[in-house]
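As given, the protein sequences belong to chains S and P, one line each in that order. In this text, residue positions in the first sequence follow full-length UniProt numbering: the first is 1, and each later residue adds one. In this text, residue positions in the second sequence follow full-length UniProt numbering: the first is 1, and each later residue adds one. C-beta: ideal position from N, C-alpha, C; glycine also. If you're wondering where the values come from, they're calculated on a predicted model, not measured in any experiment. Please read the structure below before turning to the comments.
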Amino acid sequence: MNDYFDMVHYSHCNVFRKSVPLVTSFNVGVFSEKSSMLESELHDLSDDADYAASQQQGSASVMLRSDSTKQSSPRDGAEVVFTKDNVTIHPTQFASERISGRLKLIKQSSSLFMTWIPYKGHSSEARLSDNDRNLYTIRAVPFTEIRSIRRHTPALGWQYIIVVLSSGLAYPPLYFYSGGVKEFLATIKQNVLLVRSEEDANVFLVNDFQNTLQRTLSSLELPRAVPLACGPSNMSVDESILNENQERADNDVNNVSQFLGRPRHKVDPARDLSIQVLEKFSLVTRFARETTSQLFRENQSNGFTERRTHVQTNLDHPRKSSHVEEKTSDESGLALDSKEFDNLSLVWGKPRQPPLGSEEWIIFLDSEGRVTDSEALRKRVFYGGLDHELRNEVWGLLLGYYPYESTYAEREFLKSVKKSEYENIKNQWQSISSAQAKRFTKFRERKGLIEKDVVRTDRSLAFYEGDDNPNVNILRDILLTYSFYNFDLGYCQGMSDLLSPILFVMDDESEAFWCFVALMERLGPNFNRDQNGMHSQLFALSKLVELLDSPLHNYFKQRDCLNYFFCFRWVLIQFKREFEYEKTMRLWEVLWTRYPSEHLHLYVCVAILKRYRGKIMGEEMDFDTLLKFINELSGHIDLDATLRDAEALCICAGENGAARIPPGTPPSLPVDDGSFYAQQDEIL
Amino acid sequence: MSYAYLFKYIIIGDTGVGKSCLLLQFTDKRFQPVHDLTIGVEFGARMITIDNKPIKLQIWDTAGQESFRSITRSYYRGAAGALLVYDITRRETFNHLASWLEDARQHANANMTIMLIGNKCDLAHRRAVSTEEGEQFAKEHGLIFMEASAKTAQNVEEAFIKTAATIYKKIQDGVFDVSNESYGIKVGYGGIPGPSGGRDGPSASAGGCCS
Numbered sequence: 001m002n003d004y005f006d007m008v009h010y011s012h013c014n015v016f017r018k019s020v021p022l023v024t025s026f027n028v029g030v031f032s033e034k035s036s037m038l039e040s041e042l043h044d045l046s047d048d049a050d051y052a053a054s055q056q057q058g059s060a061s062v063m064l065r066s067d068s069t070k071q072s073s074p075r076d077g078a079e080v081v082f083t084k085d086n087v088t089i090h091p092t093q094f095a096s097e098r099i100s101g102r103l104k105l106i107k108q109s110s111s112l113f114m115t116w117i118p119y120k121g122h123s124s125e126a127r128l129s130d131n132d133r134n135l136y137t138i139r140a141v142p143f144t145e146i147r148s149i150r151r152h153t154p155a156l157g158w159q160y161i162i163v164v165l166s167s168g169l170a171y172p173p174l175y176f177y178s179g180g181v182k183e184f185l186a187t188i189k190q191n192v193l194l195v196r197s198e199e200d201a202n203v204f205l206v207n208d209f210q211n212t213l214q215r216t217l218s219s220l221e222l223p224r225a226v227p228l229a230c231g232p233s234n235m236s237v238d239e240s241i242l243n244e245n246q247e248r249a250d251n252d253v254n255n256v257s258q259f260l261g262r263p264r265h266k267v268d269p270a271r272d273l274s275i276q277v278l279e280k281f282s283l284v285t286r287f288a289r290e291t292t293s294q295l296f297r298e299n300q301s302n303g304f305t306e307r308r309t310h311v312q313t314n315l316d317h318p319r320k321s322s323h324v325e326e327k328t329s330d331e332s333g334l335a336l337d338s339k340e341f342d343n344l345s346l347v348w349g350k351p352r353q354p355p356l357g358s359e360e361w362i363i364f365l366d367s368e369g370r371v372t373d374s375e376a377l378r379k380r381v382f383y384g385g386l387d388h389e390l391r392n393e394v395w396g397l398l399l400g401y402y403p404y405e406s407t408y409a410e411r412e413f414l415k416s417v418k419k420s421e422y423e424n425i426k427n428q429w430q431s432i433s434s435a436q437a438k439r440f441t442k443f444r445e446r447k448g449l450i451e452k453d454v455v456r457t458d459r460s461l462a463f464y465e466g467d468d469n470p471n472v473n474i475l476r477d478i479l480l481t482y483s484f485y486n487f488d489l490g491y492c493q494g495m496s497d498l499l500s501p502i503l504f505v506m507d508d509e510s511e512a513f514w515c516f517v518a519l520m521e522r523l524g525p526n527f528n529r530d531q532n533g534m535h536s537q538l539f540a541l542s543k544l545v546e547l548l549d550s551p552l553h554n555y556f557k558q559r560d561c562l563n564y565f566f567c568f569r570w571v572l573i574q575f576k577r578e579f580e581y582e583k584t585m586r587l588w589e590v591l592w593t594r595y596p597s598e599h600l601h602l603y604v605c606v607a608i609l610k611r612y613r614g615k616i617m618g619e620e621m622d623f624d625t626l627l628k629f630i631n632e633l634s635g636h637i638d639l640d641a642t643l644r645d646a647e648a649l650c651i652c653a654g655e656n657g658a659a660r661i662p663p664g665t666p667p668s669l670p671v672d673d674g675s676f677y678a679q680q681d682e683i684l
Numbered sequence: 001m002s003y004a005y006l007f008k009y010i011i012i013g014d015t016g017v018g019k020s021c022l023l024l025q026f027t028d029k030r031f032q033p034v035h036d037l038t039i040g041v042e043f044g045a046r047m048i049t050i051d052n053k054p055i056k057l058q059i060w061d062t063a064g065q066e067s068f069r070s071i072t073r074s075y076y077r078g079a080a081g082a083l084l085v086y087d088i089t090r091r092e093t094f095n096h097l098a099s100w101l102e103d104a105r106q107h108a109n110a111n112m113t114i115m116l117i118g119n120k121c122d123l124a125h126r127r128a129v130s131t132e133e134g135e136q137f138a139k140e141h142g143l144i145f146m147e148a149s150a151k152t153a154q155n156v157e158e159a160f161i162k163t164a165a166t167i168y169k170k171i172q173d174g175v176f177d178v179s180n181e182s183y184g185i186k187v188g189y190g191g192i193p194g195p196s197g198g199r200d201g202p203s204a205s206a207g208g209c210c211s
């Protein structure tokens, strides 16, 4: 376990022409085409006596260094002391997704920095967006931030290193396709103190004592971290620290005030804290991304029956993700202004997939039309949504109107049964004569209200536009029928917004009605007269912001904005007015998957607020200004980025987040099969 | 655009009485019969000139349905003026005025200027509330009153500006402490002291639109 990287099986194949089957649950396949790619560098770069000597020298000289150099950019007066091309990371096991770049060591004054910049426009990286590649970019990390470097020399394949930061996080393995690990380490040794671990000859401790304050502070943040003196046995230590980070996340977030009194240097504690949280995000998100992208690929190539086992394998060993820390904040990150920081902080999260299309959809069904693995389907829809033409078929399943295990024939049967049931309910109000209606105020009022509202719902869409549009009448009939189906709830403004896309997609009155009924099973409380459904969600939202963005929470508190009424419209109609129609449908189907939380919409709120926190706090918005600002975000929110953020926030919050959402908060549903998510929460 | 004062208005009244249409007519000078129903609150703003002073009106257009009252109440905070709207063709919207007024009295500051508007006066043939009744109600409750039509724009401009003029007079009379923003008035850079802060143009004439 200590060295699972070396436990992978190796296979001989040409990585540039052919991707290879996954051989472990982790994407650390190391492959070689020919033996010349091997670096048989089996001896050390120097003997231990050398290191002992340099350690003494080093500790003396570094004491003289000024801490101020740490902040300065390596570009000014910087000297590149080492350059190596074709240093590559393997984000997944797929050769096509490897990212090559240039590794450099840069010396400025007496400080040494490491950078790794991916090449641009590499053809094999077509799958990866620029954002995605930028995630891995290592921008001038100072060696004062690096705890250790582990060298791996597999019997076959390229040598690679893993750089572990003093925070306990690690960069993904850097594979030296063109060799040069020895030179790399030697160059470092010439510039900073490099000590070989007593426990593991392949671990080199970067033990720069120049910044004793920094060291003290990081030990404050990680009180149970294994001290350097103990000779970290690399991954095990690394893992334990990571685990520690995860366990402590909640405390960290809650104890901002505790940190305020500490002699932190350079930055405000809130930002520092956010960086910690961010690091955690990036770690977790990275892990989630890896797992899922792996799954989807598998799904496409090998079917998906083994997926579940596979996921669980990963989840059982969440710490294994420790080696895949991605770059979100480096030394310069601490000096970023808040706007930049906000931008930077939102570069995490899993890239969205293309929507599920017809061909792939078939794979989810058995010959009779049952969804064989509803979890897999939900996950797939969560990450990509649906092609529009599939919505008509899949929405009913996602909403719970049709059971996943129903066959084509059963769905057809249910459809016809439900159609006559719908007609019966509809008849109840259609049979009310005008004379009877005169004595039925409640009915008249409801009908009047609905009639007023359907003509004010999405009329700019072709589907609903124009005088005497039959679809507007169907909207009215469904809403009125619903108010008889659920007479206690009746009709409330906002319902027509929720029904409109459903009718547009289902394009069948009865089907739209029953899908709407299924949706209202979850969202009905939004329309309670006493608004308690809304209040409980806004309350849960405030608790989540408190957990996930304590400074923003404090700001809202100070500004008397904790009622979160500025998010009222978001929650009431599930962001329907915030996005264009197509995007709304995309968001809804994602929310309806209940992955990774049935309260994902609240994390979407947090994600948007977090994205604009710099502006909100920087401009010192009061309640009125904030409300106006939030209203005017309509049409300007990037859905994919928001969903990525929301997913990351949700995974990061884990059980702590779930615990902050009071039981019964809409859209709570009975948990039928939450095993996957429950396990995922355990990561944290 | 600089202004001498900024007044916060809130538009209240039953659903479907034409609140959003009044706002749109005032800010954009157009009538849009298929305007989406308001969820929560929406905003509009426009500059006007009173006593040669540029005044910015920031207008909050609220959702009318009863269920949303608890949310709507939070929007009263710091409003200097309110337009309380009913529909002259629907009696019940007039009958509900007392309850709206009660909300306003309870949640807005006591000096808020309230303009009662009987909207849709272009539909005189379907009238269900007489002008006299509207006048009477306004008189009883100390409101300013006008009948208006968002569709034809009749009295729309006047309603917003007359409200502003009343607020402005209250400032001149020293009713408000303008440094206290809870009255819904902000002093802008257009300059309070002295007449030089105003823009050209006749008193109480409309300026351009702004957001």
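8 angstroms contact criterion, which residue i and residue j should meet: CB distance rounded
i               : j               : result
V81 of chain S  : L105 of chain S : 5 angstroms
L547 of chain S : R660 of chain S : 6 angstroms
L627 of chain S : L541 of chain S : No, L627 of chain S and L541 of chain S are not in contact; Cβ-Cβ is about 15 angstroms, not under 8 angstroms.
L83 of chain P  : T163 of chain P : 7 angstroms
D645 of chain S : A607 of chain S : 4 angstroms
7 angstroms Cβ cutoff met for residue i and residue j
i                      : j               : result
D61 of chain P         : E42 of chain P  : yes
P403 of chain S        : R522 of chain S : no
L498 of chain S        : I573 of chain S : yes
I185 of chain P        : A80 of chain P  : yes
residue 216 of chain P : F565 of chain S : This structure cannot speak to residue 216 of chain P, because chain P is shown only from 1 to 211.
L171 of chain S        : V181 of chain S : First, the residue type needs correcting, since residue 171 of chain S is Tyr and not Leu in the sequence shown. Contact: no.
T113 of chain P        : T166 of chain P : yes
R456 of chain S        : D36 of chain P  : yes
V571 of chain S        : Q537 of chain S : yes
A518 of chain S        : G400 of chain S : yes
T89 of chain P         : A148 of chain P : no
I55 of chain P         : G44 of chain P  : no
I502 of chain S        : C515 of chain S : yes
S166 of chain S        : R151 of chain S : no
S197 of chain S        : V206 of chain S : no
Partner residues on chain P for residue i, Cβ-Cβ distance less than 7 angstroms
i               : result
C492 of chain S : Q65 and S67
R577 of chain S : I39
D488 of chain S : Near D488 of chain S there are no residues of chain P at all, since even the closest Cβ is about 13 angstroms away, more than 7 angstroms.
F568 of chain S : G40 and I71
D453 of chain S : L37
Proximal chain P residues relative to residue i, where beta-carbon distance stays under 8 angstroms
i               : result
T457 of chain S : D36 and L37
I573 of chain S : I39
Partners in chain S for residue i, counting only beta-carbon separations shorter than 9 angstroms
i               : result
G188 of chain P : Simply none; closest approach about 15 angstroms.
Interface residues of chain S facing residue i [CB-CB closer than 7 angstroms]
i              : result
F43 of chain P : K628 and N631
S70 of chain P : Q531
S74 of chain P : N563 and F565
Contacts of residue i in chain S (Cβ-Cβ under 8 angstroms)
i              : result
G78 of chain P : D624
Chain-ordered chain P contacts of residue i [CB-CB under 9 angstroms]
i               : result
L449 of chain S : T15, G16 and Q65
D497 of chain S : D36, L37 and I39
With 8 angstroms as the limit, tell me which residues of the stretch 107 to 118 of chain P have their beta carbon closer than that to any beta carbon of chain S; keep them in chain order.
none
Looking at chain P, which residues of the stretch 617 to 646 of chain S have a Cβ within less than 9 angstroms of any of its Cβ atoms?
D622, F623, D624, L627, K628, N631 and E632
In chain order, what are the residue ranges of uninterrupted alpha helix (DSSP H) at least 4 long that sit wholly in the stretch 600 to 643 of chain S?
600 to 611, 613 to 618 and 623 to 632
Could you run through the stretch 507 to 527 of chain S and flag, in chain order, every residue whose CB is less than 8 angstroms away from some CB of chain P?
F527
Residues in the stretch 173 to 190 of chain S having any Cβ partner in chain P nearer than 8 angstroms
none
My parser needs the alpha helix (DSSP H) runs of 4 or more residues fully inside the stretch 483 to 556 of chain S; what are they?
495 to 506, 509 to 523 and 532 to 548
Going along the chain, which residues of the stretch 7 to 23 of chain P sit with their C-beta nearer than 8 angstroms to a C-beta in chain S?
K8, T15 and G16
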